[in-house]
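Residue numbers (our numbering): 114 to 430.
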């Protein structure tokens, strides 16, 4: 294989590898786009849906919450264990530093009065009641608004339980909304759910209440445009490297042809006379004719004549 062919093969392989990588990156962005579209559809469907009893979505306290039930409003009857209130750290709201107020809610009837007998009584549900600002100097000594006392009917939106955090936090605070960590930090015992809820209404209600939690984002992001960009890079890179490989092959052939000398045109003889090749064909350079070499020019001849005359005068004397 010639050097030009080797270089061309290397360029093609690089172009193919680049195209494969960019194609996979495009499909990865496409998958994120599809996932994001599905999440937005769930928000738009469940956000405006009518609330349903908690036990219709979570039949038992250990039942997993599906993605299709996220943001679904549910109702449940019970009472707050206010002594177990915990603050969630490092969770800004609309770019503003804030603590989320997490209060354990002891379930008395997960059917909210719809069933003949109370369901899931004694289970503990973690409720995010809203947010409060930090102290003026960033102090963690914050007193959130008190939750209502006694039995209430809670309306809230279902959220996935977050993974437990391994970061330390001051007493009475947590770094994630993990139900087990929240109950442990608040000193509350009981079977909890694999989900938590964000409060939207309480009956009876109290004033004041923590700040309203931010709405979920329905921005689809740039995943779709990124996918098409990666696919464009894949096609463009493959074409560019293929053209570069073709140029290498063409340059190699041109260089090989330049290295081969052109054959001399054969002489043409007409009536025994050898003629020169035509102007378009190369012709050999004629060798110098073997003729006597002239001795100088006219100035040298005159000088020789003058010297001869002077010599003749001397001889005559």
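We treat Cβ as the ideally placed atom computed from N, Cα and C, and that holds for glycine. What you are looking at is a predicted structure, and each value in this text was computed from that prediction instead of being measured.
In angstroms, rounded to a whole number, what distance separates the CA positions of residue i and residue j?
| i | j | result |
| --- | --- | --- |
| residue 243 | residue 353 | 56 Å |
| residue 159 | residue 184 | 6 Å |
| residue 360 | residue 124 | 11 Å |
| residue 153 | residue 262 | 36 Å |
| residue 257 | residue 229 | 37 Å |
| residue 341 | residue 121 | 28 Å |
| residue 220 | residue 313 | 17 Å |
| residue 327 | residue 131 | 42 Å |
| residue 331 | residue 348 | 32 Å |
| residue 206 | residue 290 | 15 Å |
| residue 164 | residue 231 | 18 Å |
| residue 212 | residue 281 | 16 Å |
| residue 188 | residue 269 | 7 Å |
| residue 178 | residue 292 | 13 Å |
| residue 285 | residue 321 | 21 Å |
| residue 71 | residue 208 | No information on residue 71 is available, as it lies outside the stretch 114 to 430 that the chain covers here. |
| residue 156 | residue 329 | 8 Å |
| residue 135 | residue 118 | 26 Å |
Taking the alpha-carbon of residue i as reference, which of the options has the nearest alpha-carbon?
| i | options | result |
| --- | --- | --- |
| residue 357 | 116, 114, 115, 128 | 128 |
| residue 305 | 347, 233, 255, 278 | 233 |
| residue 315 | 202, 264, 221 | 264 |
| residue 173 | 328, 307, 347 | 307 |
| residue 277 | 268, 294, 271 | 294 |
| residue 301 | 366, 202, 114, 238 | 238 |
| residue 196 | 299, 206, 350 | 299 |
| residue 162 | 182, 205, 266 | 182 |
| residue 344 | 142, 116, 118, 203 | 142 |
| residue 225 | 201, 208, 266 | 266 |
| residue 203 | 245, 119, 118, 334 | 245 |
| residue 311 | 323, 288, 303, 317 | 323 |
| residue 193 | 133, 296, 334 | 296 |
| residue 337 | 139, 156, 279 | 139 |
| residue 279 | 171, 288, 318 | 288 |
| residue 271 | 286, 241, 321 | 241 |
| residue 114 | 420, 367, 419, 362 | 362 |
| residue 317 | 260, 117, 355 | 260 |
| residue 151 | 117, 333, 273 | 333 |
| residue 116 | 346, 419, 366 | 366 |
| residue 273 | 170, 145, 222, 339 | 170 |
| residue 186 | 309, 368, 275, 201 | 309 |
Let me check you understand the geometry: is the CB of residue i closer than 7 Å to at least one non-hydrogen atom of the ligand NAD?
| i | result |
| --- | --- |
| residue 167 | The model depicted lacks the ligand NAD and carries no ligand whatsoever. |
Count the other CB atoms, across all protein chains shown, that sit within 10 Å of the CB of residue i; report buried if there are 16 or more and exposed otherwise.
| i | result |
| --- | --- |
| residue 191 | buried |
| residue 147 | exposed |
| residue 423 | exposed |
| residue 325 | exposed |
| residue 235 | exposed |
| residue 166 | buried |
| residue 218 | buried |
| residue 175 | exposed |
| residue 214 | buried |
| residue 126 | exposed |
| residue 351 | buried |
| residue 364 | exposed |
| residue 199 | buried |
Are the C-beta of residue i and some C-beta of chain B separated by less than 8 Å?
| i | result |
| --- | --- |
| residue 267 | Chain labels in this structure do not include chain B; a single protein chain is all it has. |
_Every unbroken beta strand (DSSP E) inside the stretch 201-269 [3 residues or more]_ = 212-222, 237-245
*Segments assigned beta strand (DSSP E), at least 3 residues, entirely inside the stretch 263-307*: 265-273
*Start-end ranges of the beta strand (DSSP E) lying completely within the stretch 137-171, minimum 3 residues*: none
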